[in-house]
Amino acid sequence: MPVVPRMSVVPEMVVPEMKAGRVALPVTLTGLALMHAAPAATWLPIVRRRLPALSGVGDPGHVALTFDDGPDPRSTPRFLDELRRLGCQATFFVLGEALARHPDLGRAIVAEGHELGVHGWRHINALIRWPGRVTEEIGLAADLVWSVTGERPLWYRPPYGVLTLESLVAVRREALRPVLWTAWGKDWTASATPASVLATLTSRPLGGATLLLHDCDRATDGDRWRSALGALPRLVDRCHAMGLRVGPLRDHGVAGSPDEEKRAGHESSLVR
Ligand SMILES: [Zn+2]
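Letter 63 of the sequence shown, counting from 1, is numbered 62 in numbering that gives the first Met the number 0, and no numbers are missing.
Structural data, given as structure tokens:
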């Protein structure tokens with residue numbers, strides 16, 4: 000299927016109307032800016048713990064495995080190989096600009112039974128975008144996932160975990176569901192090792208967790224992804240030894256979803 004975004008992504012630039020408005024209506028724009036920034040604290044652990052649906056708290060017998068920032072031909076295939084060997088499926092939050100360059104990789108991810116989520120078009124903090132840009136790019140990325148894979152994406156995870164009012168509205172318009180994470184592996188750090196990634200991920204209860212890893216090293220173009228890849232076998236073993244299933248978000252029964260009632264009463268023990 001051809002990859003045809005609904006509109007082109009123009010370079011980041013100053014919007015003339017905003018420049019004029021900033022001079023003429025400073026109070027109004029200050030208010031708008033505060034509204035814009037208000038939900039952005041969602042990435043903070045204390046905020047996420049109070050928002051289990053947004054954190055991706057799910058079925059206590061399941062662990063959601065998620066990978067951000069790809070696809071990247073240098074590393075994503077390695078993750079697909081390892082996940083196939085381990086018999087696990089996952090959710091890959093892709094960037095539109097990366098998927099546009101490597102649509103075959105997007106199709107390969109879905110062909111392996113994994114799902115694609117939207118991580119935006121480019122990896123930029125929504126707080127520093129001009130109004131309208133985040134909306135445009137979420138729509139473009141969602142359309143691209145649909146076009147490449149034939150499947151409408153279900154999930155949106157913003158770069159840096161920063162949600163703004165605009166992105167929340169855009170996500171709703173695209174029928175996406177925002178989801179962050181309950182634990183990450185800090186696999187992007189220079190000192191990360193498979194052991195450190197595993198220890199970080201498992202420092203909190205695994206049952207019902209949504210785990211954040213990266214299937215590429217977007218920040219340095221290096222090979223920091225190897226720490227995440229190396230952590231996978233022991234992570235999956237640990238989960239299985241605890242009787243936990245490992246899979247994508249679509250199988251996770253995320254809080255707030257229709258099947259949440261089935262596990263009412265379990266959640267309080269998962270969020271601390
Ligand atoms: Zn990211």
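Every residue gets a Cβ at the ideal spot worked out from N, C-alpha and C, and that includes glycine. If you're wondering where the values come from, they're calculated on a predicted model, not measured in any experiment.
Within the chosen limit of 7 Å, ligand 1 reaches the beta carbon of Pro-158 through at least one heavy atom.
Restricted to the stretch 171-227, the alpha helix (DSSP H) segments that are unbroken, complete and at least 4 residues in length are 193-200, listed in chain order. The shortest CA-to-CA distance from Arg-83 to any of Asp-250, Gly-246, Cys-238 and His-122 is the one to Gly-246. Here Ile-127 is exposed. Its C-beta has fewer than 16 other C-beta atoms within 10 Å. Relative to ligand 1, the beta carbon of Asp-71 is positioned no closer than 7 Å to any heavy atom. Across the structure, Trp-120 and Ala-140 are spaced so that their CA atoms are roughly 5 Å apart.
Of the other Cβ atoms in all chains shown, 16 or more fall within 10 Å of the Cβ of Asp-58; this residue is therefore buried. Of His-113, Val-170 and Leu-98, the smallest CA-CA separation from Val-147 is found for Leu-98. Ala-99 carries a helical assignment under DSSP once its states are collapsed to helix, strand and coil. Set against 7 Å, the gap from the CB of Asp-214 to the closest heavy atom of ligand 1 is not smaller.
Per DSSP, Gly-131 is not a residue of any alpha helix (DSSP H), being assigned neither H nor E. Taking the Cα positions, Glu-81 is about 13 Å away from Leu-64. Note that the C-beta distance between Val-178 and Thr-209 is below 8 Å. The way I'd put it, the stretch 195-214 does touch the stretch 61-80; three or more beta-carbon pairs between them come closer than 8 Å.
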